[in-house]
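Numbering (my numbering), first residue to last: 14 to 346.
This is how it looks when you write it as structure tokens:
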């Protein structure tokens, strides 16, 4: 290697020894990916276009959420509004962007839903739609905003939703509760109305207490899937971290999905994904953004994660399996 440079001052390049670094493979920039869990229907057109520009081939937008509901115990019509609003937006999103967009519908347990039986009665009709690719986002939640939801009632609504998923051969995308105890969540105020999802003074006392709440909730979710007849291979456990990985990947057949778009909240980075893949293999690991208009999230985080996984030693085929082939498998594509 010629180390002579016509520079007046010495440069690092002039003192380099050894082989030049291998160039990044061109195919790395073209790895397609599927975001199995986001709320992109709440984003702007420009933000959704960033998905397309960075290689997104498909996504499942979760119409289930608690932080768009009113400041009150949630009524069935509030949840139906979320489902219907997402269905209303979907055709325009499909016309505007080159990725394949579908929906997840479900009853989120982040705030108690009154008369939830009304939703369970109509949910099968939604799940029969071509536009719906998953039941979600659902999952046992340790504590709620505004109105606590007793654990036994949560278990019932979870079991019933997983039965509907099994009946319609759909995967269930399951929220696992993060540990936010030491997270500095910014408070914002909209006039006299505080930010619903950020004002922790409305958080209720936990209905699930354990030394490891995430593990306890996840175990309950897996147990309920079994009771509902939903195969573990159709359960995606979202908001993964390295702490829950041994249980999920050693003791279950569920998929483990890492949310990479807001490390400031969950503390998860591409390094967590890489280390889990290196230890357990890529077969049941996924990546998601969970991007939503309500959070400070980064659409480009998915593409950056692809690059970082390569820098951390995963080859292109392994990365492709994690970000594209595994979600295809889950969705039956």
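Every residue, glycine too, gets a C-beta built ideally from N, C-alpha and C.
These numbers were taken from a predicted model, which means no experiment stands behind them.
For residue i, collect the residues of the same chain with a Cβ closer than 7 angstroms to its Cβ; drop the 5 residues on either side in sequence, then sort them by chain order.
i	result
residue 106	54, 61, 114
residue 314	273, 274, 302
residue 243	175, 178, 179, 185
residue 206	Unreliable positioning characterises residue 206 in this predicted model, as indicated by a pLDDT of 48, which lies under 50. The coordinate reading is nonetheless provided below. Around residue 206: no qualifying Cβ.
residue 215	158, 159
residue 40	329
residue 322	283, 286, 287, 332
residue 316	67, 68
Mind checking residue i: buried by the 16 CB within 10 Å criterion, or exposed?
i	result
residue 374	The chain is shown only over 14 to 346; residue 374 falls outside these bounds and no answer can be derived.
residue 126	buried
residue 24	exposed
residue 297	buried
residue 37	exposed
residue 294	exposed
residue 135	exposed
residue 163	exposed
residue 21	exposed
residue 306	exposed
residue 346	exposed
residue 85	exposed
residue 32	exposed
residue 59	exposed
residue 146	buried
By Cβ distance, which residues of its chain are closer than 8 angstroms to residue i, with the 5 residues on each side in sequence left out?
i	result
residue 50	73, 75, 117, 149, 150, 186, 249, 251, 270, 272, 301, 302, 303
residue 132	89, 92, 93, 120, 126
residue 226	155, 190, 192, 219
residue 70	45, 46, 47, 112, 113, 337
residue 255	285, 288, 289
residue 168	153, 233, 237
I'd like the list of long-range same chain contacts for residue i, defined as Cβ closer than 6 angstroms, with 5 residues on each side in sequence excluded.
i	result
residue 191	252, 279
residue 217	156, 157, 161
residue 292	none
residue 143	none
residue 101	none
residue 266	245, 246
residue 128	89
residue 339	299
Assuming residue i contacts residue j under a Cβ cut-off of 8 angstroms, what Cβ separation, rounded to an integer in Å, is found between them?
i	j	result
residue 122	residue 170	7 angstroms
residue 257	residue 44	The Cβ separation is near 26 angstroms, so there is no contact.
residue 77	residue 95	7 angstroms
residue 287	residue 344	Actually they are not in contact, since the Cβ atoms of residue 287 and residue 344 sit about 24 angstroms apart, beyond 8 angstroms.
residue 240	residue 172	6 angstroms
residue 141	residue 87	So it is not a contact: roughly 24 angstroms between Cβ atoms.
residue 228	residue 260	6 angstroms
residue 153	residue 262	About 20 angstroms separates the two Cβ atoms, so there is no contact after all.
Does the ligand ZN have even one heavy atom less than 8 angstroms from the beta-carbon of residue i?
i	result
residue 311	With respect to the ligand ZN, the structure shown offers nothing to examine, as it has no ligands at all.
The stretch 319–334 / the stretch 230–245 touching (three or more Cβ pairs under 8 angstroms) | Output reads no: the stretch 230–245 does not touch the stretch 319–334.
In chain order, which continuous runs of the beta strand (DSSP E) of length 3 or greater are located wholly inside the stretch 270–337?
-> As summarised for the stretch 270–337, the continuous beta strand (DSSP E) elements at least 3 residues long and confined to that stretch are 298–301, given in chain order.
Where in the stretch 154–197 do unbroken runs of the alpha helix (DSSP H), each at least 4 residues long, occur, reported from the N-terminal end onward?
-> Qualifying alpha helix (DSSP H) stretches, in chain order: 164–180.
Starting from the N-terminal side, write out each stretch of the alpha helix (DSSP H) that is 4 residues or longer and does not extend beyond the stretch 203–257.
-> 226–241, all fully within the stretch 203–257.
Scan the stretch 70–130 and note each continuous alpha helix (DSSP H) run of 4 residues or more that stays entirely inside, going in chain order.
-> List check, alpha helix (DSSP H) in window: 89–109.
Could you give the uninterrupted runs of the beta strand (DSSP E) lying entirely in the stretch 34–65, keeping only those of 3 residues or more?
-> Taking only runs of at least 3 residues, the beta strand (DSSP E) segments lying wholly in the stretch 34–65 are 46–51.
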